[in-house]
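*Asks:*
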Amino acid sequence: MASHPDPAVAAIDPRTGLDALVRALADDGYRVVGPVVRDGVIEYAELAGGDDLPTGVRVEQAAGRWRLRRDGSQRFSWTPGADSWKRFVLPARQEVLRIRRTDGSFAVTHPDLPTRPLALIGARDCELKALAILDRVELDPDHPDPRYQQRRAGTFVVAVTCGVPSATCWCTSMGGGPRPDLGYDVLLTEIDDAGGHRLVAEAGSDRGRDLLARVGAPAAGDADVAAAAGVAQAAAAAMPRRLVGEELPALLAGQDRHPHWNDVAARCLSCGNCTMVCPTCFCSTFSDHTGLTADGSGAVETVREQAWASCFQLDHSYLGGHPVRATTADRYRQWLTHKLQTWPEQFGTPGCVGCGRCTTWCPAGIDIVQEAAVLSTTGGGR
Ligand code: SF4
Ligand code: SF4
8 MASHPDPAVA
18 AIDPRTGLDA
28 LVRALADDGY
38 RVVGPVVRDG
48 VIEYAELAGG
58 DDLPTGVRVE
68 QAAGRWRLRR
78 DGSQRFSWTP
88 GADSWKRFVL
98 PARQEVLRIR
108 RTDGSFAVTH
118 PDLPTRPLAL
128 IGARDCELKA
138 LAILDRVELD
148 PDHPDPRYQQ
158 RRAGTFVVAV
168 TCGVPSATCW
178 CTSMGGGPRP
188 DLGYDVLLTE
198 IDDAGGHRLV
208 AEAGSDRGRD
218 LLARVGAPAA
228 GDADVAAAAG
238 VAQAAAAAMP
248 RRLVGEELPA
258 LLAGQDRHPH
268 WNDVAARCLS
278 CGNCTMVCPT
288 CFCSTFSDHT
298 GLTADGSGAV
308 ETVREQAWAS
318 CFQLDHSYLG
328 GHPVRATTAD
338 RYRQWLTHKL
348 QTWPEQFGTP
358 GCVGCGRCTT
368 WCPAGIDIVQ
378 EAAVLSTTGG
388 GR
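In my numbering, the protein residues as written are 8 to 389.
1) I need the boundaries of the beta strand (DSSP E) containing Gln320, first residue and last residue.
2) In or out: Ser180 buried (at least 16 other Cβ within 10 Å) or exposed?
3) Please report the residue range of the beta strand (DSSP E) in which Asp295 lies.
4) Give me the Cα-Cα distance between Asp147 and Tyr51, rounded to the nearest whole angstrom.
5) Please find out if some non-hydrogen atom of ligand 2 comes closer than 8 Å to the beta-carbon of Arg94.
6) Exposed or buried, what is Gly388 when buried is set at 16 or more other beta-carbons lying within 10 Å of its beta-carbon?
7) Considering only residues of the same chain and omitting the five flanking positions on each side of Tyr191, which have a CB-CB separation below 6 Å?
8) Can you tell me whether Cys290 is buried or exposed? The criterion is at least 16 other CB atoms within 10 Å of its CB, across all chains shown.
9) Leaving aside the five residues before and after Met8 along the sequence, list all residues of the same chain whose C-beta is less than 7 Å from its C-beta, in chain order.
10) From which residue to which residue does the beta strand (DSSP E) around Trp2 run?
11) Taking contact to mean at least 3 C-beta pairs separated by less than 8 Å, is the region 43–59 in contact with the region 233–242?
12) DSSP three-state label for Arg214, please.
13) Candidates Cys133, Thr109, Leu97 and Pro118: which alpha carbon is nearest Pro151's?
14) Can you give me the start and stop residues for the beta strand (DSSP E) that Val43 sits inside?
15) In chain order, what are the residues with a CB under 6 Å from some non-hydrogen atom of ligand 1?
16) If you follow the alpha helix (DSSP H) that Gly24 is part of, which residue opens it and which one closes it?
17) Straight-line CA distance for Asp26 to Ser317?
18) Do you know whose CA, among Ala245, Pro153 and Ala89, lies nearest Val103's CA?
19) With burial defined as no fewer than 16 other Cβ atoms inside 10 Å of the residue's Cβ, what is the status of His323: buried or exposed?
20) Return the chain-ordered list of same chain residues with a C-beta closer than 6 Å to the C-beta of Pro21, the five sequence neighbours on each side being excluded.
21) Here's the rule I'm using: 16 or more other beta-carbon atoms within 10 Å means buried, otherwise exposed. How should Val115 be labelled?
22) Using the C-alpha atoms, what's the distance from Gly111 back to Gly182?
23) Tell me which residues share the same chain as Arg123 and place their Cβ nearer than 7 Å to its Cβ, disregarding the 5 neighbours each side in the sequence.
24) Anyone know if the C-beta pair for Gly372 and Ala70 falls short of 9 Å?
25) Sorted by chain position, which residues of the same chain lie with C-beta nearer than 7 Å to His345's C-beta, five sequence neighbours on each side aside?
26) Specify whether the region 240–248 and the region 283–303 touch according to this definition: at least 3 beta carbon pairs, one from each stretch, less than 8 Å apart.
27) Measure the beta-carbon distance from Pro330 to Leu343 and round it to whole angstroms, keeping in mind my assumption that it falls under 8 Å.
28) Just checking Met246 against ligand 2 - is the residue's beta carbon closer than 8 Å to any of the ligand's heavy atoms?
29) Are there 16 or more other CB atoms within 10 angstroms of the CB of Asp78, so buried, or fewer, so exposed?
30) Tell me whether Arg340 counts as near ligand 4, meaning its Cβ is closer than 8 Å to at least one heavy atom of that ligand.
31) For Glu378, count neighbouring Cβ atoms within 10 angstroms of its own Cβ and tell me buried if that reaches 16, exposed if not.
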């Protein structure tokens with residue numbers, strides 16, 4: 008078999024090679040995190056080695072439904088669950104500062120932040136685009152979030168081509184696709200055909216190229232490279248475009264009194280699940296908690312916390328003495344139109360990457376694609 012001339016394209020054994028790759032990153036000082044099966048779902052957790060990654064796991068997703076089943080021996084045949092990389096760079100709850108006051112002193116301290124850079128294993132295209140959206144918000148040069156900045160710094164990304172998209176995936180409508188096109192150091196594509204089971208690894212950066220050299224991965228053959236391209240093409244074909252994302256801002260404009268908002272509100276529980284699982288939702292709230300310390304010193308401590316918030320919370324729009332989005336219809340409209348209509352105006356990209364989490368994890372089975380299709384194609388206007 009002819010070898011591909013580019014040494015930055017390598018063939019990796021799905022078990023020993025993957026394990027070597029994870030261990031090499033840990034040896035380099037990274038905090039290596041990746042998918043694990045826990046309590047019947049895929050979560051992201053710190054990995055000790057490649058064997059911690061799932062093997063032979065497939066996922067069925069539908070509106071309000073996520074099921075895991077065992078099938079085969081592939082390493083990346085699953086699609087992501089409710090968990091996302093967001094919580095590693097923007098934790099769901101974190102201490103921001105602590106103030107300690109006694110009769111004679113007043114001290115402000117900040118909590119320690121992780122010192123090891125992250126290495127993400129198995130990131131999909133939608134997840135890399137979601138991180139880029141968070142970066143645009145949290146690393147804005149005019150007001151960067153220093154805690155996000157430190158957690159995100161130096162992240163090493165081992166991305167994966169999606170070979171088996173789920174029924175709720177719609178990344179191809181939102182400018183993405185099964186094969187990541189940016190934001191990775193190494194891209195893996197899993198092939199399991201008559202030629203055997205292997206991972207084609209492509210370097211996307213100098214440090215990715217160094218890693219592949221260090222794990223001793225042999226150069227991939229031309230047939231492997233062609234097969235990897237075929238995996239992405241087949242996955243894209245299995246996920247027909249469901250909406251035209253770039254047209255949604257214009258289509259949704261002026262639909263704020265559409266009767267369908269009330270139809271959705273009749274089904275929506277205003278639980279906020281969709282915002283919690285969304286990898287691009289970044290709203291937070293800050294709260295101060297004050298109390299006497301238990302160390303007998305008589306000191307008073309105040310802890311300031313940052314926690315994820317949701318536009319489905321009634322107090323999220325509290326303004327001038329009352330919530331300005333008082334009904335569920337108001338709050339669903341705020342969420343959907345921010346994601347699909349007004350985000351580009353605010354940040355220059357869509358606020359949605361088409362990952363499908365909000366649909367899968369909605370207890371009422373509300374499907375953002377179906378709702379947006381109704382709201383953007385049948386008039387309801389002002
Ligand atoms: S759309 Fe679904 S997940 Fe979102 S708030 Fe309503 S019921 Fe909850
Ligand atoms: S709005 Fe839904 S489909 Fe879009 S990025 Fe968020 S969770 Fe994924």
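Note that the Cβ used here is the ideal one computed from N, Cα and C, for glycine as well.
*Replies:* In short, the structure shows the following:
1) Segment: none, Gln320 is in no beta strand (DSSP E) and carries neither H nor E.
2) buried
3) Ser291 to Leu299
4) 27 Å
5) no
6) For Gly388, the predicted structure reports a pLDDT of 49, less than 50, and the residue's modelled location is therefore unreliable. A value from the coordinates is still provided. Per the 10 Å Cβ criterion, exposed.
7) Val164, Ala166 and Gly211
8) exposed
9) Since pLDDT at Met8 reaches only 46, below the 50 mark, its modelled position is unreliable, and the value read off the structure follows with that caveat. Around Met8: Gly228 and Ala230.
10) No information on residue 2 is available, as it lies outside the stretch 8 to 389 that the chain covers here.
11) no
12) helix
13) Ranked by Cα distance from Pro151, the first of Cys133, Thr109, Leu97 and Pro118 is Leu97.
14) Arg38 to Arg45
15) Cys275, Leu276, Ser277, Cys278, Gly279, Asn280, Cys281, Phe319, Cys369, Pro370, Ala371 and Ile373
16) Thr23 to Asp34
17) 38 Å
18) Pro153
19) buried
20) Arg82, His204 and Leu206
21) So Val115 ends up on the exposed side.
22) 59 Å
23) Gly36, Tyr37 and Arg38
24) yes
25) Gly358
26) Contact between the region 240–248 and the region 283–303 is absent: fewer than three C-beta pairs spanning the two stretches fall below 8 Å.
27) Not a contact, Cβ separation roughly 18 Å.
28) Result no, Cβ not under 8 Å from ligand 2.
29) exposed
30) Among the ligands modelled here, namely ligand 1 and ligand 2, ligand 4 does not occur.
31) buried
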